[in-house]
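Engineer: From first to last, the protein sequence lines are chains A and B.
In terms of the working numbering, the first sequence opens at residue 28 and continues consecutively.
In terms of the working numbering, the second sequence opens at residue 19 and continues consecutively.
Note that beta-carbon positions come from the ideal geometry of N, C-alpha and C, so glycine has one too.
There's a structure below that I have some questions on.
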Amino acid sequence: MLEITTTRHNPLVDPHLAVWSWEIPLYLFVGGIVAGLMILGGVALLRLARGEDPKGYFSLHAPITAFMLLNLGMLALFLDLAHKLYVWAVYLTLQPLAPMSWGSWVLIIVYPLLLVSALIRLPEAWPWLAQRVPLLARWSDALLASSRALRALAWTNIVLGVALGIYTGILLSTMVARPLWNVSILGPLFLVSGLSAGAALLHLMAALMRPQRPAPQGPIAGAIGALIQPLGKEPPAKETANALIRADIGFLAVELLMLGLLLIGLVTSSASHAAAFELLMSGKFAFAFWGVLVALGIVIPLALQGLELAHRIPHTLVPAVLVLIGGYTLRWLMVNAGQMSQIVQAAVR
Amino acid sequence: MARFGMVIDTRKCVGCMDCVVACQTENDVPVGYARDWITTEVRGEFPNLTMEIRSERCNHCDNPPCVYCCPTGASHVEDFGKTVQVNANRCIGCKACVSACPYGARFVHPKGYADKCTFCLHRVKEGKDPACVSVCPTHCMVFGDLDDPASEASRLLRTRKWHTLLPEAGTKPRVFYLT
């Protein structure tokens, strides 16, 4: 028998760590989607630059949605800070061993990059803006005419998207005190999950694109229209939409594989990691892990999308919604179960 | 260059919590929070029991995860005594260090910054012992320079059996418990 009593009762630390509430899972989820959208948007820009997809579907929606989500994510991150007025201190230094420091700098570079990427195609989708700000329209035309500039922009989006996606996982995985987080596969897992959630979100937005809808005019209707309206009057070509579904199947399959590797890595590692494995396998987090993340968030959308591609069932928005639910559940699970996981005192003196 | 550490004799400690009260008073620790605390560990089956009482605090690790994860450098290793300190004017309250500490030694001060034991560096600079050490009625705590072979702390570590907390975390803690 081992009985430990302590007089310590620090808020948010005892009886188990609870420093991170809803803000961090939301930020990690949104950050993952932004990363996924940057990569997918970069690919769309590349296709535009190469002339493979003259309309460049998703090359507007990906960056503009990512930009709005980035604002939401950074707001959540800011709300989480306990010493808010000192937030500027992050940008006075670069701490080479702290992923949070790297991530803060990545965010500050990603912010204008997404703005530029979104603005390039905005005048085309929002004629009101193009008329009022001719400089923006000229600038946008010039960039669109240069395939070299488009390619550079695309690759910058892809590289920084990968950095952002991996960082959201590495942020947790460097902490030795939390065995559930202290696994190196967390970075790639969060990246792939972000890609899959990004593809799902684009899928949802593509569904909002209707043929023959006239482009809305005016400042407000035009702005809203620019977000949900296709470029041009036709929905994305079937192969473009199907490519998105095919890509999502790939992302989900890799995510499932990585979750499997995560579990194998945990159960075959130290006693502390094995205890973290048990957190997911049984008890409080088992339903969220097996029921919501694995079944609802990965396996079911994987099957549904496979059947859709095989023309066995009609296309619906259900898989995309499920993937987004699964993506949030992964972050919620890791943050909350991770805070309960701790080093097991293995040695019996 | 000194490397401060603390040696605590669990055979002398009675868990009176004088060290806890002294720390709260000396460092104006807010009510409901603790920079040091008493842990009682009981092992075995009745009637064959052993009990160890420990006064615990930040271990001022040689390999400090809380310093590595800090995005602003607010958590840092102070040159003086190689102790782990927090600069409240640089701390953004991200709580990464609170998560990173395997000992749960850190907490978020009501004012928003991360807080923890400082080894009473302000007293040590004046040549005094940390508050907890200075009030211990059983003299079970010894504070000193671990790099100085002539210090009382080094001598105790050479001559007595000791253990540290969670050595498996690999943090190389510098609070030692004599058994």
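Output the distance between the C-alpha atoms of P38 of chain A and A52 of chain B, rounded to the nearest integer angstrom.
Structural biologist: Going from the Cα of P38 of chain A to the Cα of A52 of chain B covers about 10 Å.
Engineer: Report the CB separation of A92 of chain B from N81 of chain B in whole angstroms; it is logged as a contact under 8 Å.
Structural biologist: That pair is no contact at about 19 Å.
Engineer: With DSSP as the reference, label D133 of chain B as helix, strand or coil.
Structural biologist: The answer is strand: DSSP assigns D133 of chain B an E or B state.
Engineer: Can a CB atom of chain D be found closer than 7 Å to the CB of R61 of chain B?
Structural biologist: You won't find chain D in this structure, because its protein chains are A and B.
Engineer: Assuming F194 of chain B is part of the alpha helix (DSSP H), what are its boundary residues?
Structural biologist: No alpha helix (DSSP H) contains F194 of chain B, which is instead part of the beta strand (DSSP E) from 193 to 196.
Engineer: For the 8 Å Cβ check, are there 3 or more pairs between the region 61 to 80 of chain A and the region 121 to 133 of chain A?
Structural biologist: Taking 8 Å as the limit for Cβ pairs, the verdict is that the region 121 to 133 of chain A does not touch the region 61 to 80 of chain A.
Engineer: L135 of chain B: which of B:T177, B:R141, B:Q103 sits nearest, CA to CA?
Structural biologist: The residue you asked about is not Leu; residue 135 of chain B is Cys in the sequence shown. Ranking the options by Cα distance to C135 of chain B, first place goes to B:Q103.
Engineer: Anything in chain A within Cβ reach of V25 of chain B, meaning under 7 Å, just list it in chain order.
Structural biologist: Per Cβ cutoff of 7 Å: no residues; V25 of chain B is ~17 Å from chain A at best.
Engineer: If you draw a straight line from the C-alpha of I340 of chain A to the C-alpha of L334 of chain A, how long is it?
Structural biologist: About 6 Å.
Engineer: Here's the rule: buried if 16 or more other CB atoms are within 10 angstroms of the residue's CB, otherwise exposed. What is L284 of chain A?
Structural biologist: When all chains shown are included, L284 of chain A counts as exposed.
Engineer: Is the Cβ of L258 of chain A closer than 7 Å to any Cβ of chain B?
Structural biologist: Its pLDDT being 49, under 50, L258 of chain A is placed unreliably by the model, and the measurement read from it follows with that caveat. It does not; no Cβ of chain B falls within 7 Å.
Engineer: Could you tell me if Y118 of chain A is buried or exposed, where buried requires 16 or more neighbouring beta carbons within 10 angstroms of its beta carbon?
Structural biologist: By the neighbour-count rule (16 or more Cβ atoms within 10 Å), Y118 of chain A is not buried but exposed.
Engineer: So, are the CB atoms of L231 of chain A and A152 of chain A less than 7 Å apart?
Structural biologist: Against a cut-off of 7 Å, the Cβ pair of A152 of chain A and L231 of chain A comes out as no contact.
Engineer: Write down every uninterrupted run of the beta strand (DSSP E) in the region 34 to 80 of chain B whose length is 3 residues or greater and which is fully enclosed by it, in chain order.
Structural biologist: DSSP runs (the beta strand (DSSP E)) wholly in the region 34 to 80 of chain B: 55 to 63, 66 to 74.
Engineer: Using the C-alpha atoms, what's the distance from L222 of chain A back to L336 of chain A?
Structural biologist: Rounded to whole angstroms, L336 of chain A to L222 of chain A spans 19 Å at the Cα level.
Engineer: Would you tell me roughly how many angstroms separate the C-alpha atoms of P238 of chain A and A103 of chain A, rounded to the nearest one?
Structural biologist: Confidence in P238 of chain A is poor, its pLDDT being 47 and thus under 50, which makes the residue's placement too unreliable to answer from.
Engineer: Sorted by chain position, which residues of the same chain lie with C-beta nearer than 8 Å to Q366 of chain A's C-beta, five sequence neighbours on each side aside?
Structural biologist: Result list for Q366 of chain A: H43, L44, A45, V46, W47, R205, in chain order.
Engineer: Of all Cβ atoms in chain A, is any one closer than 7 Å to the Cβ of C135 of chain B?
Structural biologist: So, not an interface residue.
Engineer: Leaving out the 5 sequence neighbours to the left and right, which residues in its chain are closer than 6 Å to A227 of chain A when beta-carbon positions are compared?
Structural biologist: Same-chain partners within the cutoff: A347, V350, L351.
Engineer: I want to verify the contact list: residues of chain B whose CB lies under 9 Å from the CB of R205 of chain A, in sequence order.
Structural biologist: By Cβ distance, chain B contributes S117, A118, P120.
Engineer: Checking the sheet assignment: what are the DSSP bridge partners for E30 of chain A?
Structural biologist: For E30 of chain A, which the question treats as bridged, DSSP gives the partners B:V60.
Engineer: Using the DSSP secondary-structure output, state which residues sit across from F161 of chain B in a beta bridge.
Structural biologist: In the DSSP output, where bridge partners are listed per residue, F161 of chain B has B:M24.
Engineer: Is the shortest distance between the beta-carbon of T68 of chain B and the beta-carbons of chain A less than 7 Å?
Structural biologist: Chain A, which has no Cβ nearer than 7 Å to the Cβ of T68 of chain B, makes this no.
Engineer: According to the Cβ coordinates, are D46 of chain B and R75 of chain B closer than 7 Å?
Structural biologist: No; because the gap between Cβ atoms is not below 7 Å, this pair is not in contact.
Engineer: Could you tell me which uninterrupted alpha helix (DSSP H) segments, each at least 4 residues in length, are contained entirely in the region 113 to 198 of chain A, listed from first to last along the chain?
Structural biologist: Segments of the alpha helix (DSSP H) lying fully in the region 113 to 198 of chain A: 126 to 152, 154 to 159, 161 to 172.
Engineer: What does DSSP give as the partner residues of W180 of chain B in its beta bridges?
Structural biologist: DSSP lists B:L196 as partners of W180 of chain B.
Engineer: Within a Cβ cutoff of 7 Å, which residues of the same chain sit near V294 of chain A, ignoring the five residues on either side of it in sequence?
Structural biologist: Counting only Cβ-Cβ distances below 7 Å, and skipping sequence neighbours, we find A301, F304.
Engineer: What is the rounded straight-line gap between the Cα of G78 of chain A and the Cα of L329 of chain A?
Structural biologist: Rounded to the nearest angstrom, the two C-alpha atoms are 31 Å apart.
Engineer: Quick check on F98 of chain B: buried or exposed, where buried means 16 or more other Cβ atoms within 10 Å of its Cβ?
Structural biologist: When all chains shown are included, F98 of chain B counts as exposed.
Engineer: Hey, out of A:M28, A:R358, A:W49, A:M101, whose CA is closest to V219 of chain A's CA?
Structural biologist: Nearest C-alpha to V219 of chain A: A:R358.
Engineer: Drop a sphere of 10 angstroms on the beta-carbon of H88 of chain A, count the other beta-carbons inside from all chains shown, and report buried for 16 or more, exposed for fewer.
Structural biologist: Its Cβ being crowded by 16 or more others within 10 Å, H88 of chain A is buried.
Engineer: Are the CB atoms of I325 of chain A and G292 of chain A within a distance shorter than 7 Å?
Structural biologist: No, these two residues do not count as a Cβ contact at 7 Å.
Engineer: Are three or more beta carbon pairs between the region 55 to 68 of chain A and the region 92 to 108 of chain A nearer than 8 Å?
Structural biologist: The region 55 to 68 of chain A is in contact with the region 92 to 108 of chain A.
Engineer: Tell me the residue span of the beta strand (DSSP E) that contains S93 of chain B.
Structural biologist: It spans 93 to 95 - the beta strand (DSSP E) in which S93 of chain B sits, taken as one unbroken run.
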